[in-house]
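**Q**
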Amino acid sequence: MSVSGATFIGGRCNGDLIHMVFCTDCAQQQEDDQKFCRFCGERLPGAALVQQLRQEAANIKAQKTGEVTQTQQSNLATLKAIELARQQSSNSQS
Ligand SMILES: [Zn+2]
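Written out as structure tokens, the structure reads:
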């Protein structure tokens, strides 16, 4: 228990996304795999919220890098199909 705290700070910045979890009670930043606050012992938001935040972060990352997840691909395919159907219907009308 000497310098592990120091290595944690800023240690996750390279490449991987930083998942920040904050204690709802004392607002101290936590490791995302902690179940309880290491400062005050308060229970942390939990896996569901972390999962949600990760998903949002992944979406943001995908937008930045141009990568598209499978879900997004199927969503895009659906959007394209709708767009195509719209165009076809408007074409046939005019
Ligand atoms: Zn706390």
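The numbering of the sequence shown is our numbering, which starts it at 203 and goes up by one. Even for Gly, the Cβ is constructed at its ideal location relative to N, Cα and C.
1) Counting only the same chain and skipping the five closest in sequence on each side, list residues whose C-beta sits under 8 Å from that of CYS215.
2) For ligand 1, is there a heavy atom less than 7 Å away from the beta-carbon of GLN230?
3) Measuring CA to CA, which of LEU251, ASP227, ALA260 and ASN261 is closest to ARG245?
4) At 4 residues or longer, and completely inside the stretch 245–294: list those alpha helix (DSSP H) runs for me, N to C.
**A** On the basis of the coordinates in this document:
1) Low confidence applies to CYS215: its pLDDT is 48, below 50, so where it sits in the model is not reliable enough to give any reading.
2) yes
3) ASP227
4) 249–267
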